[in-house]
Amino acid sequence: MTLLENDPDAGLEPLEFTVTRNLAAAPAARRDEILANPGFGTHFTDHMVDICWSVRGGWHRPRVQPYGPITLDPAAAVLHYGQEIFEGIKAYRHADGSVHTFRPDQNGRRLQRSARRLALPELPVEWFIQSLRELIAVDGDWVPSGADQSLYLRPFMFAKEAFLGVRPANKVAYYLIASPAGAYFTGGVKPVSIWLSEDYARAGKGGTGAAKTGGNYASSLLPQAEAYENECDQVVFLDQDRNVEELGGMNVVFVYKDGTIVTPQSDSILEGITRDSILQLARDRGHKVEGRAVSLDEWRQGVASGDIVEVFACGTAAVVTPIGVLKGRDFFDEQPVGELALSLREELTDIQYGRREDKHGWLVRLDA
Ligand SMILES: Cc1ncc(COP(=O)(O)O)c(C=O)c1O
């Protein structure tokens, strides 16, 4: 099986990147200091990838250049109408020093789906994966080797044409930056508490919920602040029929007492690659898996009756996180704690870090 089987872009010629080395790259001692305690999203590697797109020229001028500020015209469409999409994917260092990423074809395809919804051009998946390799070729030393550490890769694309009319931009930029990431949980995985957002929705029917676009995250910030005010870690959103959608940045999964695993499915939810992988691992273990609507009532009644035995959230950043509490304006439901979330988490991270056989061919080596 080839990686990009059935991909219309398979067989494209690779892009020819111009590489400009960063003469002010962090000295090795400074880099090691950062990698010893990287946190999340605050430190960046020495380089970034940049590819231009225009209606006339298509994708052109692929570059690897020193990481640094981007110059934008104040009329750039992204600053006014939010025509922007992004991805999140990690690079993992294996015990033998090699660097791998996980299912990049899936992120590449999701970036294309997001692009379609936001009227942006689709970057071929092969070139998306090539951009990851190009960055690792110059910044591979930034992939940390500590337990549960990774290099978080952030591809993004935005409308840079200077034009205030409301229409898809004729000039677009694709960038890739990278940020070393520490273990999400220090001292073991802890269950999270979830605030039910009753006043604010994340997405609507026919909206942009399934796309990874900045506006979805901008609209989640106020409800997320409400979650903090109510002493909760994360917020969960409902749709217009009071079905469960997802958290601000993670999908939700329910485990029933007969072993069936159920996850909300609709065209307003981001299709998580972690969720897809976890559900495949569960199927491999013989679990029945269903993607369907799950109402808030089904969740609350299922927990109260003992039909639901575990609830967890999943996404690239935190991998799998048990949900310990669901809190609303007038209720506080403790959630049942089980073993499945953590055992699936361990299986998935073992594959990602090369500690267990990769039966599905999910890993792609980036440094060779
Ligand atoms: C809104 C939202 N849902 C779900 C996910 C999980 O997706 P994935 O597993 O591909 O990271 C993410 C983030 O990454 C997200 O931002």
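So the sequence shown is numbered by the UniProt record's numbering: it starts at 1 and just counts up by one. C-beta atoms are modelled at their ideal positions from N, C-alpha and C, and glycine is treated no differently. Note that the structure is a prediction, hence the values are computed from the model and not measured.
Could you spell out the range, first to last residue, of the beta strand (DSSP E) harbouring residue i?
i, result
"residue 27", "Note, residue 27: premise wrong, no beta strand (DSSP E); not H, not E."
"residue 60", "58 to 66"
"residue 91", "89 to 93"
"residue 370", "With the chain covering only 1 through 368, there is no way to say anything about residue 370."
"residue 85", "84 to 86"
"residue 238", "234 to 238"
Quick check: is any heavy atom of ligand 1 less than 7 Å from the C-beta of residue i?
i, result
"residue 117", "no"
"residue 274", "yes"
"residue 230", "no"
"residue 279", "no"
"residue 250", "yes"
"residue 347", "no"
"residue 316", "yes"
"residue 246", "yes"
"residue 270", "yes"
"residue 88", "yes"
For the alpha helix (DSSP H) containing residue i, list its first residue and its last residue.
i, result
"residue 107", "104 to 117"
"residue 167", "It is not in any alpha helix (DSSP H) - residue 167 carries neither H nor E in the DSSP assignment."
"residue 333", "Taken as a continuous stretch (DSSP letters only), residue 333 belongs to no alpha helix (DSSP H), being part of the beta strand (DSSP E) at 331 to 334."
"residue 348", "340 to 352"
"residue 303", "296 to 305"
"residue 226", "221 to 229"
"residue 215", "214 to 218"
"residue 279", "273 to 284"
Per DSSP, residue i forms a beta bridge with which residues?
i, result
"residue 162", "76"
"residue 51", "174"
"residue 155", "176"
"residue 121", "Answer is none; residue 121 lacks a bridge partner."
"residue 40", "Looking at the DSSP assignment, residue 40 forms no beta bridge with any residue, so it has no partner."
"residue 251", "314"
"residue 322", "312"
"residue 264", "292"
"residue 327", "195 and 332"
"residue 138", "Residue 138 is not bridged to any residue."
Kindly examine ligand 3 and report whether one of its heavy atoms sits closer than 7 Å to the Cβ of residue i.
i, result
"residue 265", "Judged by which ligands are present, ligand 3 is missing from the structure shown, whose ligands are ligand 1."
Item to check | contact_flag[the region 121 to 134, the region 10 to 30] where n(CB pairs < 8 Å) is 3 or more | outcome: yes
Checklist entry - Given 8 Å as the limit, is there contact between the region 57 to 75 and the region 145 to 155, that is, 3 or more CB pairs closer than that? => result no
Next on the checklist: Pairs of beta-carbons, one from the region 234 to 251 and one from the region 185 to 205, closer than 8 Å: are there three or more?
Outcome noted: In short, these stretches touch, since the Cβ pair count reaches three.
Checklist entry - Are the region 211 to 221 and the region 98 to 118 in contact at 8 Å, needing three or more beta carbon pairs? => result yes
Item to check | Meets three-Cβ-pair contact criterion under 8 Å: the region 220 to 235 and the region 243 to 262 | outcome: yes
Checklist entry - Between the region 319 to 326 and the region 188 to 198, are three or more C-beta pairs nearer than 8 Å? => result yes
Checklist entry - With a cut-off of 8 Å, do at least 3 Cβ pairs link the region 154 to 161 to the region 25 to 39? => result no
Next on the checklist: Using 8 Å as the cut-off, can you tell me whether the region 80 to 88 makes contact with the region 346 to 366, which would need three or more C-beta pairs spanning the two stretches below that distance?
Outcome noted: In short, these stretches do not touch, since the Cβ pair count stays below three.
Item to check | Three or more C-beta pairs below 8 Å linking the region 291 to 301 and the region 160 to 171 | outcome: no
Checklist entry - Just checking, does the region 299 to 313 make contact with the region 327 to 347 on the three C-beta pairs under 8 Å criterion? => result yes
Checklist entry - Taking contact to mean at least 3 C-beta pairs separated by less than 8 Å, is the region 183 to 190 in contact with the region 41 to 53? => result no
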